[in-house]
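Colleague:
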Amino acid sequence: MGTIILQIIILSIFYLIGTWIQAFFNIIIPGSIIGMLLLFLLLMTKKLNVNWVSEGSKTLIKLLPLLFIPATTGIINYFHLFSGRGVLLFPIALSSTLMVILIAGTVSQYLGRKRLRNHE
Numbered sequence: 733m734g735t736i737i738l739q740i741i742i743l744s745i746f747y748l749i750g751t752w753i754q755a756f757f758n759i760i761i762p763g764s765i766i767g768m769l770l771l772f773l774l775l776m777t778k779k780l781n782v783n784w785v786s787e788g789s790k791t792l793i794k795l796l797p798l799l800f801i802p803a804t805t806g807i808i809n810y811f812h813l814f815s816g817r818g819v820l821l822f823p824i825a826l827s828s829t830l831m832v833i834l835i836a837g838t839v840s841q842y843l844g845r846k847r848l849r850n851h852e
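Each position in the sequence shown, counted from 1, maps to that position plus 732 in our numbering.
(1) From V819 to T735, what does the alpha carbon distance come to, in whole angstroms?
(2) Within the region 755-803, note down every full alpha helix (DSSP H) run reaching 4 residues or more, in order along the chain.
(3) Since V782 contacts Q739 with CB under 8 Å, what's their CB separation in whole angstroms?
(4) For a test of the three-state rule: what should DSSP assign to M831, helix, strand or coil?
(5) Just tell me which of M768, G788, T829 has its CA closest to the CA of F746.
(6) Leaving out five residues before and five after I807 in sequence, what residues of the same chain have Cβ atoms less than 8 Å from its Cβ?
(7) Helix, strand or coil: which one does DSSP assign to G837?
(8) Apart from the five residues on each side of it in sequence, which residues of its chain come closer than 6 Å, Cβ to Cβ, to Q754?
(9) DSSP three-state label for S744, please.
(10) Please report the Cβ distance between I742 and G788, rounded to the nearest whole angstrom; I am assuming they are in contact, meaning their Cβ atoms lie under 8 Å.
(11) Please name the residue, chosen from G837, H851, F756, L748, that lies closest to L770 on a Cα-to-Cα basis.
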C-alpha cells in the first residue's frame, strides 16, 4: 500500500511540474499535458523505471470512473442549455465515442506492431 501511495505521489509531482512550467512560460498547453509528456519522455528514455509508477498508475485507472462523476453531475447545473436538444446530443456523444475508440484502437495496433518488429 505504501508503494502505491509513493507512486501516486510521483505521478502527482509530474502533474505539478507540468503546471508550473505552463504557468511560468505562459504556455497555452495545459500543465497536466506537459507533465504527462515529461513522464512519457522519461519513460521512453529509460531515465524513469516503469516499475516506479506502474502500480500507482493501475490504481488510478481503477479509480478513474469516480473522477467522471463530478463532471457528469455538473451538467445538471446547465440543464437549461441541453433541454430540447437531446436529439442532437445523442449523435454527438455517439460519434465522439466512436472516434475515440477508433483512434485508440489504431494507435494501439500501431504500437503493438512496432513492438513486435522491435522484438524480432
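Even for Gly, the Cβ is constructed at its ideal location relative to N, Cα and C.
Modeller: Taking the definition as stated:
(1) About 47 Å.
(2) Segments of the alpha helix (DSSP H) lying fully in the region 755-803: 763-776.
(3) Wrong, their Cβ atoms sit about 11 Å apart, outside the cutoff.
(4) M831 falls in the helix class under three-state DSSP.
(5) Among M768, G788, T829, the Cα nearest to that of F746 is on M768.
(6) Excluding sequence neighbours, I807 sits near F814.
(7) When secondary structure is reduced to three states using DSSP, G837 falls in the helix class.
(8) Around Q754: G763, I766.
(9) It is helical.
(10) Confirmed, Cβ separation roughly 7 Å.
(11) The shortest C-alpha separation from L770 is found at L748.
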